[in-house]
Amino acid sequence: TLKIDLTRFKNLALDPQEDGVWIVTLDRAHKRNALDIDTIEELVDFFSAAPRAGVKAVVLAGAGDHFCAGLDLIEHHDQDRSPADFMHVCLRWHEAFNKMEYGGVPVIAACQGAVVGGGLELASSAHIRVMNETTYFALPEGQRGLFTGGGATIRVADLVGKDRMIDMMLTGRVYHGQEAIDLHLAQYMVEGSVMDKALEIARRTAENLPLTNFAICSAISHMQNMSALDAAYAEAVVAGVVNTQAPARERLAAFADKSAARVRKDA
Ligand code: 1HE
2 TLKIDLTRFK NLALDPQEDG VWIVTLDRAH KRNALDIDTI EELVDFFSAA
52 PRAGVKAVVL AGAGDHFCAG LDLIEHHDQD RSPADFMHVC LRWHEAFNKM
102 EYGGVPVIAA CQGAVVGGGL ELASSAHIRV MNETTYFALP EGQRGLFTGG
152 GATIRVADLV GKDRMIDMML TGRVYHGQEA IDLHLAQYMV EGSVMDKALE
202 IARRTAENLP LTNFAICSAI SHMQNMSALD AAYAEAVVAG VVNTQAPARE
252 RLAAFADKSA ARVRKDA
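Numbered per full-length UniProt numbering, the sequence shown spans residues 2 to 268.
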């Protein structure tokens with residue numbers, strides 16, 4: 002297993018819990034957690050290492066009142082990047098977000114306040130999103146003279162549909178409350194702390210077998226990119242490996258001897 006060197010991270014605050022859940026906080030509240038290139042590199046580093054470092058689940062949060070304000074517009078303005086420069090910036094965003102989505106470690110985003118632009122691209126790379134009454138989702142790129150570059154054309158279009166994504170970008174439309182849940186922008190709505198709920202979910206997922214979570218948090222996403230025929234084949238191969246792992250046999254034995262919990266309506 003890899004060891005993650007906590008001292009290397011400046012823009013992310015890493016807080017490993019005893020149960021293998023790591024709280025990863027975008028720690029630039031004074032910039033509303035806008036994503037500068039250093040933060041993206043830290044996300045690449047962390048999510049590259051996490052699957053091999055015994056991280057069982059991640060709660061991804063933002064410091065302060067907002068989850069993330071998207072691309073660091075001031076840095077982008079100051080750097081006056083060339084087209085090729087910015088293409089490479091976007092490729093690093095993709096590296097970070099693909100590591101999240103396809104890495105095999107459950108990522109639960111605790112989304113409060115603004116989840117906008119690249120912040121929504123980040124959140125949509127998580128496997129589960131929790132929101133509350135403060136949370137709002139938008140793609141303000143249209144008004145800023147910009148375009149999404151962190152995977153929204155794939156992930157946000159996938160969540161809300163391309164028609165709604167186009168509307169969000171053309172008009173700056175903001176979604177919040179139940180409507181955001183209905184559009185799959187989040188799976189959980191809570192009153193009060195998104196962190197408490199995200200932690201509860203992360204702890205629950207961390208009780209699953211790591212190889213099972215790996216399959217859930219990588220195979221399903223990969224399969225969306227395949228033909229149905231190839232996805233079914235890949236599913237069989239993944240299930241062949243996962244469903245015969247030794248610790249799964251213990252869980253099956255517990256079911257057989259009736260010591261394992263049953264599925265219940267109110268569970
Ligand atoms: C920032 C950023 C940022 C805030 N880059 N510095 N994203 C946007 O267009 C969202 C832009 N941000 C906002 O609309 C608002 O800041 C928020 C709704 C997120 C928060 O509002 P508020 O009133 O709490 O904060 P504020 O007063 O607007 O900002 C506080 C500080 O954060 C201020 O800096 P200060 O030095 O004047 O105190 C802001 O400049 C700074 N700040 N947001 C840099 N985004 C790969 S392509 C992705 C494309 C995109 O993501 S486009 C970006 C879309």
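All C-beta atoms, glycine included, are put in the ideal place defined by N, C-alpha and C.
CA-CA distance, ASP197 to ASN133, rounds to 11 Å. About 5 Å separates the beta carbons of VAL60 and ALA203, which is inside the 8 Å limit, making them a contact pair. Under DSSP, TYR137 forms a beta bridge with ALA115, HIS177. Remark: the shortest separation between the CB of HIS31 and any heavy atom of the ligand 1HE falls under 7 Å. For VAL90, same chain residues with a beta-carbon under 6 Å away, outside a window of 5 residues either side, do not exist. Taking 7 Å as the cut-off, the C-beta of GLU42 does not count as close to any heavy atom of the ligand 1HE. Taking a cut-off of 8 Å on C-beta distances, the segment 73-91 does not touch the segment 101-109, as fewer than three cross pairs fall below it.
Bridge pairing for MET132: CYS112, MET190 [DSSP]. In terms of Cβ geometry, GLY146 and TRP94 do not form a close pair [threshold 8 Å]. No residue range can be given for VAL106, since it is assigned to no alpha helix (DSSP H) and is classified by DSSP as neither H nor E. Within its own chain, the residues whose Cβ lies closer than 6 Å to the Cβ of PHE138, once the five positions on either side in sequence are excluded, are VAL116, LEU121, TYR176, ALA181, LEU186, listed in chain order. A contact is defined here as three or more CB-CB pairs under 8 Å, and the segment 50-64 meets this definition with respect to the segment 18-27. Taking a C-beta distance under 8 Å as the contact criterion, THR213 and VAL243 qualify as a contact pair.
Under the DSSP definition of a beta bridge, ILE24 partners with ASP16, VAL60.
Two segments are said to touch when three or more pairs of C-beta atoms, one from each, lie closer than 8 Å; by this definition the segment 160-178 does not touch the segment 211-231.
DSSP places LEU147 outside both helix and strand once states are collapsed to three, so it counts as coil. In the DSSP annotation of this structure, the continuous segment of the alpha helix (DSSP H) that includes MET196 starts and ends at 195-207. In this structure, DSSP gives LEU72 an extended state, which the three-state scheme calls strand.
Of the heavy atoms belonging to the ligand 1HE, at least one sits nearer than 7 Å to the Cβ of PRO141.
Excluding five sequence positions before and after CYS112, the CB atoms of its chain that fall closer than 7 Å to its own CB belong to PHE68, ALA124, ARG130, VAL131, MET132, THR136, ALA187, VAL195, given in chain order. Assignment of LEU36 by DSSP, reduced to helix, strand and coil, places it in the strand class. For HIS78, the three-state secondary structure derived from DSSP is helix.
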